[in-house]
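Going left to right, the sequence shown walks through residues 1 to 138 as the numbering used here numbers them. All C-beta atoms in this analysis are idealised placements derived from N, C-alpha and C, irrespective of residue type, glycine included. Remember, predicted model here, so these are calculated numbers, not experimental data.
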Amino acid sequence: MSLDAEALRDSLALVASREPAITKRFYEILFERYPAARPLFSHNAPERQQKMLQDAIVAVVDHVEDASWLQETLSAMGAKHVEYGVTEEMYPWVGECLLATLAEIAKDAWTPRVERAWTDAYGAISGLMLAGAKRAAQ
Ligand code: HEM
């Protein structure tokens, strides 16, 4: 997997320094655009969910050059998401809303290169998660 690690790291650092609660804003956008996703998030307090998602994004960006870590971690995470009731068609919802959140906070720093880096990264992440989900379903 060849991802633009530098653009991912720099943009995430910038966004996190401007808005520590990135994922709080992400959930607002997700539930506004895709209200059908809301009932799935009922097991944990919103603050805990926000922290778990933020930690997961940071961990993925930290390991973006470690293909075996990505493969193992994300396929296991994809399998767990089946149990949460997450289906394949929901992955583009989350990708769209995650990118919208980052773009909103990054403002002028949301350049075509950064947008491409996140589009490619989310495509790779969701591909590995879905592969794990499919293996778990067999
Ligand atoms: C980049 C892709 C994604 C990442 C990194 C991610 C990350 C996480 C993490 C870290 C957790 C905490 C539990 C665990 O480790 O399994 C979680 C839970 C969850 N995720 Fe995701 N997720 C992603 C995509 C999605 C998608 C597409 C949906 C669909 C709406 C979704 C819905 C959920 C739900 C419903 C839970 C459980 C919440 C609860 O227990 O209340 N996730 N996710």
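Per DSSP, the continuous alpha helix (DSSP H) segment holding leucine 30 begins and ends at 22-33.
In the structure shown, glutamine 138 adopts coil according to DSSP, grouped into three states. The beta carbon of alanine 109 is closer than 7 Å to those of Ser11 and Leu14 in its chain, skipping five residues each way along the sequence. Each residue's CA atom was taken as its position, placing tryptophan 93 and leucine 30 some 7 Å apart. In this structure, glutamate 88 sits away from leucine 40, with a CB-CB distance that is not shorter than 9 Å.
Per DSSP, reduced to three states, the secondary structure at aspartate 108 is helical. Its chain contains Thr23 as the residues whose beta carbon lies nearer than 6 Å to that of leucine 53, once the 5 sequence neighbours on both sides are disregarded; these appear in chain order.
Shown here, leucine 40 sits in a helix according to DSSP, grouped into three states. For aspartate 55, the Cβ falls inside the 8 Å cut-off from some heavy atom of the ligand HEM. With contact defined as three or more Cβ pairs closer than 8 Å, the stretch 44-53 and the stretch 76-83 are not in contact. Burial is judged here by how many other beta carbons sit within 10 angstroms of a residue's own beta carbon; serine 42 has fewer than 16 and is exposed.
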